[in-house]
DNA sequence: ACGCTAGCAGACAGTTCTGTCTACCACCAC
DNA sequence: GTGGTGGTAGACAGAACTGTCTGCTAGCGT
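Chains as they are written, first to last, in the numbering used here: chain A, 255 to 443; chain B, 255 to 443.
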């Protein structure tokens, strides 16, 4: 009880939604697993979609935090930070129960007109804007282009990480990122 | 009747599965839409999963055909062909009703131990092997690495194409491909 | 003592899903 | 004409789904 019903629901939903996809988990399962009453769940999240959106918000926080940490760890040079982003991917793919990008997975099972889809687009746009800022500070000739290319690689690597357990995927992405950053900033460093 | 019930079922399933994801389409819907009797559907495809796999096989044929056509159109030089692959992505993303990579979408809503997941892994491996052969003929220092990087970009671009209608995504992927191919084959051409 | 808030427990309605089954029909080979 | 093949039409069972509702309990501020 101490952590409050809302947190328990979100914790449970986080694990189940990520493992099986929002559509693959019934409300009853979340109720049973979290030990919360059904009425309580529907008080906090009137519709299942509200719970899904709260789940995605949490994923956004966690994943963005990991990206920031990876960049911070990579060093002072923004170019190193851009490449360092892919350490977050490498680490994520190695994690037990890794199942790809939660946003991509969630969007894959919804129509393009839904809130879930919109939230996914928004998340990707925010990440790309942040990468573009790094690219600008790295002195890229076209920061928007470089950010676009790196986030494409990012999404590709996140997807490949679940399809193909081979860690060569994330490593290949990292090396590709280095090549693209070098090309965009005019030479190696 | 002329085209046979099996084809009618597959045609209908192809459209519906791609638009809403296999899990988002009930067997009843396919029955109604294809004008086929339920018993007939279950005679040809004893389980829904069998129909999903047949759907994926058809997607594989179609998409691989488009990749091959894009490479062929790009010219004689294997390096041009590697870059030309991304024309297939550009064209796919522009198509009305584009909804991303059918394999990635299908895999996103299944467990990793399922047939659907395995078929997806297989498809991606076949495409990558084919790209690796192109990379070898293009004289890449490490064809496996280049193929890995290009297919990462491919998957990233296919995913971005549905999340973000901006055609800059596929174009960015194309330009990144050119950079990576140049780097791997030692200089521009 | 009183009322308010938060929560638990579980029945319930109504829909939708997969998969099975019965009954009938049309054609074609022999 | 007779039997096999492939198809239609639709009822049906059994499960799972979302969302609602009733009743009960415990704590807490005043």
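Idealized CB from N, CA, C, for every residue including glycine.
Separation of residue j from residue i, as counted between CA atoms
i: residue 332 of chain A; j: residue 320 of chain A; result: 17 Å
i: residue 400 of chain B; j: residue 383 of chain B; result: 11 Å
i: residue 443 of chain B; j: residue 329 of chain B; result: 13 Å
i: residue 423 of chain B; j: residue 294 of chain B; result: 43 Å
i: residue 438 of chain B; j: residue 403 of chain B; result: 11 Å
i: residue 281 of chain A; j: residue 288 of chain A; result: 11 Å
i: residue 256 of chain A; j: residue 370 of chain B; result: In this predicted model, residue 256 of chain A has a pLDDT of only 39, less than 50, meaning its place in the structure is not dependable enough to derive any value.
i: residue 365 of chain A; j: residue 429 of chain A; result: 35 Å
i: residue 327 of chain A; j: residue 342 of chain A; result: 10 Å
i: residue 441 of chain A; j: residue 387 of chain A; result: 20 Å
i: residue 299 of chain A; j: residue 308 of chain A; result: 9 Å
i: residue 324 of chain A; j: residue 337 of chain A; result: 9 Å
i: residue 277 of chain B; j: residue 284 of chain B; result: 12 Å
i: residue 435 of chain A; j: residue 378 of chain B; result: 27 Å
i: residue 302 of chain A; j: residue 431 of chain A; result: 38 Å
i: residue 385 of chain B; j: residue 354 of chain B; result: 20 Å
i: residue 381 of chain A; j: residue 270 of chain B; result: 32 Å
Proximal residues to residue i (C-beta, below 6 Å), its chain only, five neighbours per side dropped
i: residue 356 of chain B; result: 272 and 313
i: residue 310 of chain B; result: 373
i: residue 263 of chain A; result: 288, 290 and 295
i: residue 260 of chain B; result: 298
Cβ neighbours of residue i in the same chain (closer than 7 Å, five flanking residues each side left out)
i: residue 352 of chain B; result: 346, 415 and 416
i: residue 268 of chain B; result: 309 and 312
Own chain residues within Cβ distance below 8 Å of residue i, not counting five before or after
i: residue 358 of chain B; result: 374, 409, 412 and 413
i: residue 292 of chain A; result: 281, 282 and 285
i: residue 344 of chain A; result: 421, 424, 425 and 428
Task: Against chain B: residues of the segment 372-394 of chain A by CB proximity under 8 Å - done: 374, 375, 378 and 379
Task: the segment 348-370 of chain B: positions lying closer than 9 Å to chain A by Cβ - done: For the segment 348-370 of chain B, the beta-carbon criterion of a distance under 9 Å to any beta-carbon of chain A is satisfied by 353, 354, 355, 357, 358, 359, 360, 361, 362, 363, 364, 365 and 366.
Open item on the list: As an exercise, report each continuous beta strand (DSSP E) stretch of at least 3 residues that is fully enclosed by the segment 355-404 of chain B, in chain order.
Closed with: none
Task: Residues within the segment 400-418 of chain A neighbouring chain B, beta-carbon criterion of under 8 Å - done: 402, 403, 405, 406, 407, 408, 409, 410, 411, 413, 414, 416, 417 and 418
Open item on the list: If we require 3 or more residues per run, which beta strand (DSSP E) segments fall completely within the segment 285-350 of chain A?
Closed with: none
- [ ] Name, going along the chain, the residues of the segment 259-285 of chain A whose beta-carbon falls closer than 7 Å to a beta-carbon of chain B.
- [x] In summary, the residues of the segment 259-285 of chain A whose CB is separated from some CB of chain B by less than 7 Å are 275, 277 and 278, in the order they occur in the chain.
- [ ] Identify each residue in the segment 422-438 of chain A for which the Cβ-Cβ distance to at least one residue of chain B is less than 8 Å, and report them in chain order.
- [x] 422, 423, 426, 427, 429, 430, 433, 434 and 437
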